[in-house]
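To start, the structure itself, in structure tokens.
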Amino acid sequence: MRLGVLDVGSNTVHLLVVDAHRGAHPTPMHDDRWLLRLAEQIGDDGLLSKAGEKALLHAVQEACDQAEKQGCEELLAMVTSAIREAANGLEVLDRIRERTGVDLQVLTGEDEARLTFLAVRRWFGWSAGRLLILDIGGGSLELASGIDEDPDVALSLPLGAGRMTRRFLPEARRGGRPDLAALDELDAYAAGLIEPAAKKLRNAGTPDLVAATSKTFRTLARLTGAAPYSAGLQVSRELSTDGLGQLVGFISRIESSALAELRGVSPDRAHQVPAGAVVAAATMRALDVRCVRICPWALREGVILRRLDSLGGV
Numbered sequence: 001m002r003l004g005v006l007d008v009g010s011n012t013v014h015l016l017v018v019d020a021h022r023g024a025h026p027t028p029m030h031d032d033r034w035l036l037r038l039a040e041q042i043g044d045d046g047l048l049s050k051a052g053e054k055a056l057l058h059a060v061q062e063a064c065d066q067a068e069k070q071g072c073e074e075l076l077a078m079v080t081s082a083i084r085e086a087a088n089g090l091e092v093l094d095r096i097r098e099r100t101g102v103d104l105q106v107l108t109g110e111d112e113a114r115l116t117f118l119a120v121r122r123w124f125g126w127s128a129g130r131l132l133i134l135d136i137g138g139g140s141l142e143l144a145s146g147i148d149e150d151p152d153v154a155l156s157l158p159l160g161a162g163r164m165t166r167r168f169l170p171e172a173r174r175g176g177r178p179d180l181a182a183l184d185e186l187d188a189y190a191a192g193l194i195e196p197a198a199k200k201l202r203n204a205g206t207p208d209l210v211a212a213t214s215k216t217f218r219t220l221a222r223l224t225g226a227a228p229y230s231a232g233l234q235v236s237r238e239l240s241t242d243g244l245g246q247l248v249g250f251i252s253r254i255e256s257s258a259l260a261e262l263r264g265v266s267p268d269r270a271h272q273v274p275a276g277a278v279v280a281a282a283t284m285r286a287l288d289v290r291c292v293r294i295c296p297w298a299l300r301e302g303v304i305l306r307r308l309d310s311l312g313g314v
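In UniProt numbering, the protein residues as written are 1 to 314.
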């Protein structure tokens, strides 16, 4: 069957169309993205702005039209941290449902961690043993550990790369060089939030494989020498603490406008790379992880796999 997944995140609205059936490898057939930066459209009052709602409505309508054009039999639509945390988020979703017919489901942070864990487990298989996964999004950091397809521990922390950039590194948002003192402050803040979560994960058992997903980790790995996306999904990619430490030192001394010109860096997310790197380093340090494997599958694939599993013998 042909499925569409519409993922409304803190930075982008992403439509992924795949051909798949139960027990088969989902094959990507179409991909669309709309850069909205919804998290930046939430004011001090906690409300998503009218402009943000209008942009989201337009993106959802375009995604619906594209899904129909691609012949999707079903559209699985979800929202994550930005809309989840907006004080008027549910009201916005109600209005979008009335206008488009799309019922955007609100995922909790734990939902995100569990679905991402499922995708990573399926990618690496049972031979991976106890699995620990790390995922840095725009608004939150997801962590999960387990030996089955459903993790024993699934956690979400408000340490997304976009969120931390807005809070600690306004210079990077404007294309400038991040403040070194602010980077240290961010590192200490992240370490304080991560340590209780790291303790729970350590108590769950020592992982046999540590994997990382998300655009942030893929970018960090690419900047430390991993193969480009064009080399194919099957190519092994890793990110080490040594390489990450050197990268943090490098990107803390250049403007984000210059960082945007490097290969492997999306210009629209370059300003978030320093914060993402610091959060990644703090997480790996707290978990005593020396190296992570980069997994190309993440939340959207997890949603697809969960839906296919629900079909039973179909």
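Glycine included, every Cβ here is placed at the ideal spot set by N, Cα and C.
Whole-Å CB distance - residue i paired with residue j, under 8 angstroms assumed
i, j, result
"residue 183", "residue 303", "The Cβ separation is near 34 angstroms, so there is no contact."
"residue 2", "residue 308", "12 angstroms between Cβ atoms; not a contact."
"residue 211", "residue 289", "Wrong, their Cβ atoms sit about 10 angstroms apart, outside the cutoff."
"residue 138", "residue 109", "Their Cβ separation, rounded to whole angstroms, is 13 angstroms, which puts residue 138 and residue 109 out of contact at 8 angstroms."
"residue 239", "residue 217", "6 angstroms"
"residue 259", "residue 197", "At roughly 29 angstroms, the Cβ-Cβ gap does not stay under 8 angstroms, so residue 259 and residue 197 are not in contact."
"residue 151", "residue 114", "6 angstroms"
"residue 264", "residue 305", "Residue 264 to residue 305, Cβ: 27 angstroms. No contact."
"residue 66", "residue 32", "6 angstroms"
"residue 177", "residue 84", "32 angstroms between Cβ atoms; not a contact."
"residue 4", "residue 72", "4 angstroms"
"residue 280", "residue 244", "6 angstroms"
Straight-line Cα distance separating residue j from residue i
i, j, result
"residue 35", "residue 173", "15 angstroms"
"residue 17", "residue 181", "43 angstroms"
"residue 199", "residue 192", "12 angstroms"
"residue 12", "residue 285", "29 angstroms"
"residue 50", "residue 276", "29 angstroms"
"residue 74", "residue 20", "12 angstroms"
"residue 105", "residue 63", "15 angstroms"
"residue 251", "residue 274", "6 angstroms"
"residue 282", "residue 175", "24 angstroms"
"residue 298", "residue 261", "26 angstroms"
"residue 203", "residue 153", "10 angstroms"
"residue 82", "residue 163", "10 angstroms"
"residue 103", "residue 79", "10 angstroms"
"residue 230", "residue 6", "24 angstroms"
"residue 57", "residue 170", "28 angstroms"
"residue 215", "residue 136", "8 angstroms"
"residue 209", "residue 128", "6 angstroms"
"residue 296", "residue 188", "29 angstroms"
"residue 291", "residue 166", "28 angstroms"
"residue 246", "residue 266", "20 angstroms"
"residue 94", "residue 70", "26 angstroms"
"residue 77", "residue 168", "31 angstroms"
"residue 249", "residue 235", "27 angstroms"
"residue 122", "residue 54", "37 angstroms"
"residue 90", "residue 30", "29 angstroms"
"residue 190", "residue 241", "16 angstroms"
"residue 99", "residue 59", "12 angstroms"
"residue 101", "residue 61", "9 angstroms"
"residue 38", "residue 268", "14 angstroms"
Delimiting residues of the alpha helix (DSSP H) encompassing residue i
i, result
"residue 58", "50-69"
"residue 120", "109-124"
"residue 162", "161-168"
First through last residue of the beta strand (DSSP E) which encompasses residue i
i, result
"residue 145", "141-146"
"residue 136", "131-136"
"residue 47", "Segment: none, residue 47 is in no beta strand (DSSP E) and carries neither H nor E."
"residue 154", "153-157"
"residue 8", "2-8"
"residue 33", "27-35"
"residue 13", "12-19"
Nonlocal neighbours in the same chain, by C-beta distance under 6 angstroms from residue i, ignoring five residues either side
i, result
"residue 314", "With a pLDDT of 42 at residue 314, under the threshold of 50, the modelled position of that residue is not reliable, and the figure given next carries that caveat. So no residue of the chain qualifies."
"residue 205", "130"
"residue 256", "172, 175, 270, 271"
"residue 14", "7, 33"
"residue 107", "78, 80"
"residue 195", "286"
Same chain, Cβ closer than 7 angstroms to residue i, five either side skipped, listed in chain order
i, result
"residue 301", "26, 119"
"residue 207", "130, 131, 132, 145"
"residue 294", "212, 217, 218, 221, 226, 237, 238, 239"
"residue 41", "48, 49, 51, 52"
Residues of its chain near residue i, where Cβ-Cβ distance is below 8 angstroms and the 5 sequence neighbours each way are ignored
i, result
"residue 45", "87"
"residue 43", "49"
"residue 124", "131, 209, 211, 293, 295"
"residue 228", "222, 263, 264"
"residue 116", "133, 135, 142, 144, 213, 298, 299, 302"
"residue 155", "109, 110, 113, 142, 143, 144, 197, 200, 201"
"residue 28", "16, 17, 18"
Inset, instruction - Tell me the start and end of each unbroken beta strand (DSSP E) in the region 193-267 that is at least 3 residues and wholly inside, in chain order. - result: 209-213, 238-240
Inset, instruction - Just list the beta strand (DSSP E) runs in the region 271-298, keeping only unbroken ones of 3 residues or longer that don't cross its boundaries, in chain order. - result: 291-294
Inset, instruction - Write down every uninterrupted run of the beta strand (DSSP E) in the region 68-96 whose length is 3 residues or greater and which is fully enclosed by it, in chain order. - result: 74-79
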